[in-house]
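J.:
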Amino acid sequence: MSTGLGQESRLALLVEHAEHNLSRLIDQHTTYMITEIDVYRSEAVSRDDVRRSVEHNMRYLVSAVRDPAAPRDLSAPRETGRRRAHQGVPLPEVLRAYRTGISALWDLFSEPARDARDSSMLDTLISVGKFLWQLGDEYSIELTESYRATTADLLVSQHQRRSALAEALFTGSPGEGAGPWELSKLLGLPADGDLIVVASENSSTAEEGLPRIETRLSERGINSAWRLTPALQMGVVSLRTGERDELIALLEDKARARVGVSPVYQLLKDTPRALHLARVALTGVRPGRAEVRVFEASPLAALVAQDMDEGKRIVSRVLGAVLELPADDREVLLDTLRAWFDHAGSAEHAAEQLYCHPNTVRYRLRRVQELTGRSLAEPYGIADLAAALQALHLDPMY
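Here is the structure:
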């Protein structure tokens with residue numbers, strides 16, 4: 010039997026029922042979310058926060074059903090999207106909560122129609138359902154856009170903060186209350202472990218010489234922190250045992266410009282010095298080449314690297330006469346001198362490396378001594394020649 014209620018009256022009846030029972034539904038859906046959706050059981054979102062959000066959104070939806078022609082107020086989904094992004098709740102879980110919430114609200118609206126004698130109540134309920142799911146789509150879109158915009162802002166902010174912290178690490182000026190331990194915690198790097206600094210020349214202004222290197226390293230479980238300047242891309246890389254060769258291989262594969270790598274060091278406070286050595290290694294690659302060069306971890310090389318201008322003066326003073334020779338003669342003498350140092354002063358072993366007779370090595374070394382005025386039989390002469398060779402190795406312009 011029909012009660013003769015008009016469309017507006019039937020709609021008002023459904024809305025009145027929903028409003029009267031809304032608190033019960035809010036409590037039920039809050040419990041459902043905390044019980045059935047893992048992320049809402051964690052400490053990331055409190056129960057009070059979940060309930061406030063459920064209430065805010067459901068009361069808006071009921072209000073919108075009451076007056077479908079009223080302008081849409083989408084502040085609820087926007088606020089939910091922003092807050093959940095800040096809390097780190099995955100977007101699929103947020104949308105799942107929305108879908109189940111709208112389904113529960115639909116069940117609440119349908120309760121009066123189950124026992125209604127007016128068959129036209131079903132038509133009204135169907136109209137409410139269609140409108141409710143339309144609202145759900147609008148809600149989901151607004152929430153998703155708000156969530157993604159907030160996430161993008163957070164990622165930019167996080168990247169800027171990590172870049173600033175990395176800069177503090179490279180300069181050795183972390184600021185008040187932020188020592189190496191604090192920086193290591195914030196950057197996800199060990200305060201005392203195997204570390205390496207990588208310095209890459211940008212292929213053009215602020216164009217990374219090692220594109221997406223932090224992501225590539227992270228995919229291999231290698232932690233790092235990077236800073237990009239107009240001229241240079243710099244990174245501190247944390248290494249476990251056996252990862253150094255993997256790092257070098259990855260750098261060689263990804264390099265689009267000159268790359269320098271520091272020796273391994275253990276304390277974050279030594280990062281500025283390691284950066285200097287990485288930059289020295291970088292300058293050891295001829296301009297225009299995409300090549301990785303590792304600074305050799307020798308005390309003498311590190312000492313010479315501290316003042317490259319002084320290194321040039323040492324080269325000029327000690328090896329100047331050798332460098333003035335024709336290119337072929339110069340390279341033969343320098344290669345022989347290097348081989349002699351590499352083999353602990355053994356002419357025989359140097360000869361094996363150079364594929365010549367030991368007497369040939371001795372003859373070439375006598376020429377070096379005559380040209381430089383330094384004796385390979387005297388400690389100071391050996392020290393001068395070793396320092397000059399190191400400085401020459403660090404400067405590609407010779």
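Numbering-wise (my numbering), the sequence shown opens with residue 10 and increments by one. C-beta: ideal position from N, C-alpha, C; glycine also.
Note down, in chain order, each residue of its chain lying with its Cβ closer than 6 Å to the Cβ of Asp393, except the 5 sequence neighbours on either side.
T.: If we look at Asp393 and ignore the five residues flanking it on each side, its Cβ neighbours are Val327, Arg383.
J.: Should Val273 and Ile205 be called a contact, given that it needs their Cβ atoms to be closer than 8 Å?
T.: Yes, the pair counts as a contact, with Cβ atoms nearer than the cut-off.
J.: Beta-carbon within less than 7 Å of Ile35's beta-carbon, same chain only, minus the 5 sequence neighbours each way: which residues are those?
T.: So the qualifying residues of the chain are Arg60, Val63, Glu64, Met67.
J.: For a test of the three-state rule: what should DSSP assign to Val54, helix, strand or coil?
T.: Here Val54 sits in coil by DSSP.
J.: Say whether the region 259 to 278 touches the region 207 to 223, bearing in mind that this needs 3 or more beta-carbon pairs closer than 8 Å, one atom from each stretch.
T.: The region 259 to 278, when compared against the region 207 to 223, does touch it at the 8 Å Cβ threshold.
J.: With a 10 Å radius around its C-beta and 16 neighbouring C-beta atoms as the bar for buried, classify Gly186 as buried or exposed.
T.: Unreliable placement is indicated for Gly186, whose pLDDT of 49 sits below 50; the coordinate value is still reported in the next sentence. Exposed.
J.: Indicate whether Arg302 and Gly269 have their beta-carbon atoms separated by less than 8 Å.
T.: Result yes, Cβ atoms of Arg302 and Gly269 sit closer than 8 Å.
J.: When you compare the region 131 to 151 with the region 75 to 95, are there three or more beta-carbon pairs, one atom per stretch, that lie closer than 8 Å?
T.: Contact between the region 131 to 151 and the region 75 to 95 is present, because at least three Cβ pairs lie under 8 Å.
J.: Within 10 angstroms of its Cβ, does Ser247 collect 16 or more other Cβ (buried), or is it exposed?
T.: When all chains shown are included, Ser247 counts as buried.
J.: Determine, using beta carbons only, whether Pro335 and Thr180 come nearer to each other than 8 Å.
T.: Cβ distance not < 8 Å, so Pro335 and Thr180 don't count as in contact.
J.: List the DSSP bridge partners of Arg236.
T.: DSSP lists Met243 as partners of Arg236.
J.: Does the contact criterion of 3 or more C-beta pairs under 8 Å hold for the region 369 to 377 versus the region 337 to 350?
T.: A contact exists between the region 369 to 377 and the region 337 to 350.
J.: Within a Cβ cutoff of 7 Å, which residues of the same chain sit near Thr133, ignoring the five residues on either side of it in sequence?
T.: Excluding sequence neighbours, Thr133 sits near Gln16, Arg19, Leu20, Leu23.
J.: For the alpha helix (DSSP H) containing Val103, list its first residue and its last residue.
T.: Residues 100 to 123.
J.: Tyr389: buried (16+ other C-beta within 10 angstroms of its C-beta) or exposed?
T.: So Tyr389 counts as exposed.
J.: Closer than 8 Å is the cut-off here; do at least three beta carbon pairs connect the region 168 to 175 with the region 42 to 56?
T.: These segments do not touch.
J.: Quick check on the burial criterion: 16 or more other C-beta atoms within 10 angstroms. Buried or exposed for Glu223?
T.: Label assigned to Glu223: buried.
J.: According to DSSP, is Ala283 helix, strand or coil?
T.: In this structure, Ala283 counts as helix in the three-state DSSP scheme.
J.: State yes or no: is the C-beta of Leu70 within less than 8 Å of the C-beta of Leu117?
T.: No, Cβ-Cβ distance for Leu70 and Leu117 is not below 8 Å.
J.: Could you check the C-alpha separation between Val103 and Asp162 for me, to the nearest Å?
T.: So the alpha carbons of these two residues sit roughly 19 Å apart.
J.: Specify the secondary structure class of Leu401 as computed by DSSP and reduced to three states.
T.: The answer is helix: DSSP assigns Leu401 an H, G or I state.
J.: Figure out for me which residue from Gly230, Ala240, Leu226, Ala360 has the closest Cα to the Cα of Glu217.
T.: Residue Ala240 is the option with its Cα nearest to Glu217.
J.: Taking a contact to mean a Cβ-Cβ separation below 8 Å, would you say Glu252 touches Ile231 in this structure?
T.: Yes, the Cβ-Cβ distance between Glu252 and Ile231 is below 8 Å.
J.: Where does Asp82 fall in DSSP's three states?
T.: Three-state result, Asp82: coil.
J.: I believe Ala259 touches Ser271 by the beta-carbon criterion, under 8 Å. Please report the beta-carbon distance rounded to the nearest angstrom.
T.: Here the sequence assigns Leu to residue 259, which means Ala is not the residue at that position. Going by Cβ atoms, the distance from Leu259 to Ser271 rounds to 16 Å, so no, they are not a contact pair.
J.: Can you name the start and end residues of the beta strand (DSSP E) that Val301 belongs to?
T.: Segment 301 to 303, the beta strand (DSSP E) holding Val301.
J.: Which residues bound the beta strand (DSSP E) around Gly269?
T.: Taken as a continuous stretch (DSSP letters only), the beta strand (DSSP E) holding Gly269 covers 268 to 270.
J.: Between Tyr49 and the rest of its own chain, which residues show a CB-CB distance below 7 Å, the 5 nearest in sequence each way excluded?
T.: These residues qualify, in order along the chain: Met42, Ile43, Val59.
J.: Pick from Pro199, Lys321, Arg75: whose alpha carbon is nearest that of Glu25?
T.: Glu25 has its Cα closest to that of Arg75, out of Pro199, Lys321, Arg75.
J.: Hey, Asp203 and Gln275 are a contact pair by Cβ (cut 8 Å); roughly how many whole angstroms apart?
T.: Going by Cβ atoms, the distance from Asp203 to Gln275 rounds to 7 Å, so yes, they are a contact pair.
J.: Taking all protein chains shown into account, do 16 or more other C-beta atoms lie within 10 angstroms of the C-beta of Tyr364, making it buried, or fewer, making it exposed?
T.: When all chains shown are included, Tyr364 counts as exposed.
J.: Write down the C-beta distance between Leu284 and Met243 rounded to the nearest angstrom, noting that I regard them as a contact closer than 8 Å.
T.: Indeed they touch by this definition, with Cβ atoms about 6 Å apart.
J.: Closest to Ala396 by C-alpha separation, out of Glu120, Arg92, Val324, would be which residue?
T.: Considering only alpha carbons, the answer is Val324.
J.: Expressed to the nearest angstrom, what Euclidean distance is found between the alpha-carbon atoms of Thr12 and Ala122?
T.: Since pLDDT at Thr12 reaches only 44, below the 50 mark, its modelled position is unreliable, and the value read off the structure follows with that caveat. Going by the C-alpha atoms only, they are around 13 Å apart.
J.: Taking C-beta to C-beta, are Gly90 and Tyr156 nearer than 8 Å?
T.: Result yes, Cβ atoms of Gly90 and Tyr156 sit closer than 8 Å.
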